[in-house]
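Written below as structure tokens is the structure these notes are about.
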Amino acid sequence: MVSSCTLISFSTICLSASHQYLSTSPLLYLRQLSTIKTARFLICASVIISILHTIPFGIFLEIRASICAVFNQNMLNYISYFYYPVLSGLLPVLIASVFSFLAYNNVRRIVRRQIPIVRRKLDQQLTAMILIRIIVFIVLTLPYDIQEMYTYIAKVNQSNLLYYAIINLIEAVLITLFNLN
Numbered sequence: 001m002v003s004s005c006t007l008i009s010f011s012t013i014c015l016s017a018s019h020q021y022l023s024t025s026p027l028l029y030l031r032q033l034s035t036i037k038t039a040r041f042l043i044c045a046s047v048i049i050s051i052l053h054t055i056p057f058g059i060f061l062e063i064r065a066s067i068c069a070v071f072n073q074n075m076l077n078y079i080s081y082f083y084y085p086v087l088s089g090l091l092p093v094l095i096a097s098v099f100s101f102l103a104y105n106n107v108r109r110i111v112r113r114q115i116p117i118v119r120r121k122l123d124q125q126l127t128a129m130i131l132i133r134i135i136v137f138i139v140l141t142l143p144y145d146i147q148e149m150y151t152y153i154a155k156v157n158q159s160n161l162l163y164y165a166i167i168n169l170i171e172a173v174l175i176t177l178f179n180l181n
């Protein structure tokens, strides 16, 4: 459930950044791609894909000794080397950053186009809000993803209690920051 909500949230952030880029584009055919119908379709598709992606998590997560964890080696490798680094890490951050930067550049060039001043100001405000949202997204997401990759790849065990307690404390702080997202 958590991975599904995470992917839906991340895809929504990426879609909002790409929508802002399309709606501020100087090219008419790109602006025409930014419609309510397209947005509904993409959101529905992202929800369906995220739910389908979560099915293996429900199958391979096990509760042993009051800990819910993955004990299947293939699923562990998938989480360690694909889910956290790509789906929950670099891919959404990269997509959101690129489209936000492109939208920001479009808004800077919008002054030259023949658009009413009110519309220009609204585009600038919305782009600034999305740009700030993406920066917050990156700052709150990357540390948690890096910590989770470290935990899965380094295979932190409970034999060294002090080390394990420090890792759990760092994880608790980063989960709290991640959930602010």
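Residues 1 to 181 (UniProt numbering) make up the sequence shown, in order.
The C-beta atom is built at its ideal place from N, Cα and C for all residues, glycine as well.
Owing to the predicted nature of the structure, the values given are computational and were not obtained by experimental measurement.
Each residue's CA atom was taken as its position, placing serine 18 and serine 100 some 7 Å apart. Between leucine 76 and tyrosine 152, the gap from beta carbon to beta carbon is short of 8 Å.
When secondary structure is reduced to three states using DSSP, leucine 27 falls in the coil class, being assigned neither helix nor strand. With a threshold of 16 other beta carbon atoms within 10 Å, valine 173 falls short and is exposed. Between serine 34 and isoleucine 8, the C-beta gap is not smaller than 8 Å, which leaves the two residues out of contact. Comparing C-alpha distances from isoleucine 48 to each of Thr12, Thr127, Gln32 and Pro92 shows the shortest one belongs to Thr12. Here glutamine 20 really is in contact with threonine 127; their C-beta atoms are around 6 Å apart, less than 8 Å. Going by DSSP, valine 86 is part of no alpha helix (DSSP H) at all; its letter is neither H nor E. By the CB criterion at 8 Å, threonine 54 and serine 3 fall inside the cutoff. The distance from the Cβ of isoleucine 130 to that of serine 16 is about 6 Å, consistent with a contact at the 8 Å cut-off. Nearest to lysine 155 by C-alpha distance, out of Cys14, Ile51, Leu27 and Tyr81, is Tyr81. Residue nearest to alanine 39 within the set Phe137, Ser23 and Ile51 is Ser23 (criterion: CA-CA distance).
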